[in-house]
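S.K.:
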Amino acid sequence: KKLGELQGDSRPTEIISSMMAGMAAEKREDWDQATEKMGRALELTKALFGERHSFIPYFEGPIAGYMEKAGRDEEAEAYLRKLVASERDIYPDSPWVAFRLDELAMFLTRHERYDEAEECYREALRIRRVALSEDSMYVGFTLNSLGELAQKQGDLEKAEQFFRDAIDVYETATEDHPD
697 KKLGELQGDS
707 RPTEIISSMM
717 AGMAAEKRED
727 WDQATEKMGR
737 ALELTKALFG
747 ERHSFIPYFE
757 GPIAGYMEKA
767 GRDEEAEAYL
777 RKLVASERDI
787 YPDSPWVAFR
797 LDELAMFLTR
807 HERYDEAEEC
817 YREALRIRRV
827 ALSEDSMYVG
837 FTLNSLGELA
847 QKQGDLEKAE
857 QFFRDAIDVY
867 ETATEDHPD
């Protein structure tokens with residue numbers, strides 16, 4: 697939408713108010729309230745700008761974290777999986793899909809579901825190698841995450857190799873951004 701089209705529309709103010717209320721609830725560690733307020737900001741943003749607007753991911757990411765912190769793990773996981781699927785629908789095999797896969801992998805790692813986490817990281821790595829380049833710093837980040845995961849599982853040899861590969865990438869990394 698153009699700025700002129702928004703004059704007299706109260707939704708931008710409501711979006712900001714809901715987002716700020718969500719952030720305040722986060723500071724108080726009131727995760728249910730944070731989820732509700734950020735969810736409201738997301739809902740209003742979608743209504744105003746559409747389902748595929750670039751603002752959408754900025755609201756969606758924290759919501760899953762709030763759910764998890766509130767102990768709503770099943771709901772948080774379902775939400776993260778939905779985000780991966782919707783990113784794939786909008787941007788197939790893009791760095792944004794890899795980013796969402798990272799979020800899901802971190803969740804799965806925190807819940808000691810290492811095999812599933814590794815699948816997500818490996819898919820993120822594949823996407824980044826194709827969409828960005830072999831020497832992208834994001835490839836290095838993913839290799840490092842795979843190393844940390846192998847280390848948690850006690851496979852130190854595998855972890856060391858991932859860490860060495862990550863260092864090799866960092867030494868030649870290009871500056872890039874997934875947009």
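For what it's worth, this note's numbering labels the leading residue of the sequence shown as 697, then goes sequentially.
Beta carbons are placed, not taken as given, at the ideal position from N, Cα and C, and that holds for glycine.
1) Here's a check: name, in chain order, each residue in its chain whose Cβ is nearer than 7 Å to the Cβ of ASP861, leaving out the five neighbours to either side.
2) Using only the alpha-carbon positions, how far apart do LEU797 and GLY704 sit?
3) Write down the C-beta distance between LEU779 and PHE755 rounded to the nearest angstrom, noting that I regard them as a contact closer than 8 Å.
4) Which full runs of the alpha helix (DSSP H) of 4+ residues lie inside the segment 751-810, going along the chain?
5) Pull up the distance between the alpha-carbon of GLU770 and that of PRO758, whole angstroms please.
6) Which term fits SER832, buried or exposed, when burial requires 16 or more other beta carbons within 10 angstroms of its beta carbon?
7) If you follow the alpha helix (DSSP H) that ALA869 is in, where does it begin and where does it stop?
8) Could you check which residue in LEU744, GLU725, PHE745, ILE711 has the C-alpha nearest to that of MET734?
9) Kindly give me the distance between the Cβ atoms of PHE837 and ALA846, rounded to whole angstroms, as I take these residues to be in contact under 8 Å.
10) Using a Cβ-Cβ cutoff of less than 7 Å, which residues in the same chain neighbour GLU844 once the five nearest sequence positions on both sides are dropped?
11) If you compare alpha carbons, which of ALA794, ALA813, SER714 is closest to PHE803?
12) Would MET763 pass as a contact of ALA774 if the rule is Cβ separation under 7 Å?
13) Could you tell me which residues DSSP pairs with SER832 in its beta bridges?
14) Work out the CA separation of ARG707 and TYR866 for me, nearest whole Å.
15) Compute the Euclidean distance between the alpha carbons of THR868 and LEU821, then round it to the nearest angstrom.
16) Could you compute how far the alpha carbon of ALA743 sits from the alpha carbon of HIS749?
17) So the alpha helix (DSSP H) ARG748 belongs to, where does it begin and stop?
18) For GLU783, which residues of its own chain have a beta-carbon under 7 Å away from its beta-carbon, when the five flanking residues on both sides are left out?
M.R.: Well, looking at it:
1) Correct list, in chain order: LEU839.
2) Cα-Cα distance, rounded: 39 Å.
3) Under the criterion of beta carbons closer than 8 Å, LEU779 and PHE755 do not qualify as touching, at roughly 11 Å.
4) You should have 752-765, 769-786, 791-806.
5) Each residue's alpha carbon lies about 16 Å from the other.
6) Of the other Cβ atoms in all chains shown, 16 or more fall within 10 Å of the Cβ of SER832; this residue is therefore buried.
7) Counting along the chain, ALA869 falls outside any alpha helix (DSSP H), and DSSP gives it neither H nor E.
8) Of the listed residues, the one whose Cα sits closest to MET734 is ILE711.
9) With 8 Å as the limit, PHE837 and ALA846 do not qualify as a contact, their Cβ atoms being about 15 Å apart.
10) Leaving aside the five residues that flank GLU844 on each side, none in its chain has a CB nearer than 7 Å to its CB.
11) Looking at the Cα atoms, ALA813 is the closest of the given residues.
12) Contact flag unset, no.
13) Note: SER832 is bridge-paired with THR870 in the DSSP secondary-structure output.
14) When only Cα atoms are considered, TYR866 and ARG707 end up about 43 Å apart.
15) Spanning the two alpha carbons is a distance of roughly 17 Å.
16) So the two alpha carbons sit approximately 10 Å from each other.
17) No alpha helix (DSSP H) holds ARG748; DSSP gives it neither H nor E.
18) The answer, listed in chain order, is TRP792, VAL793, ARG796.
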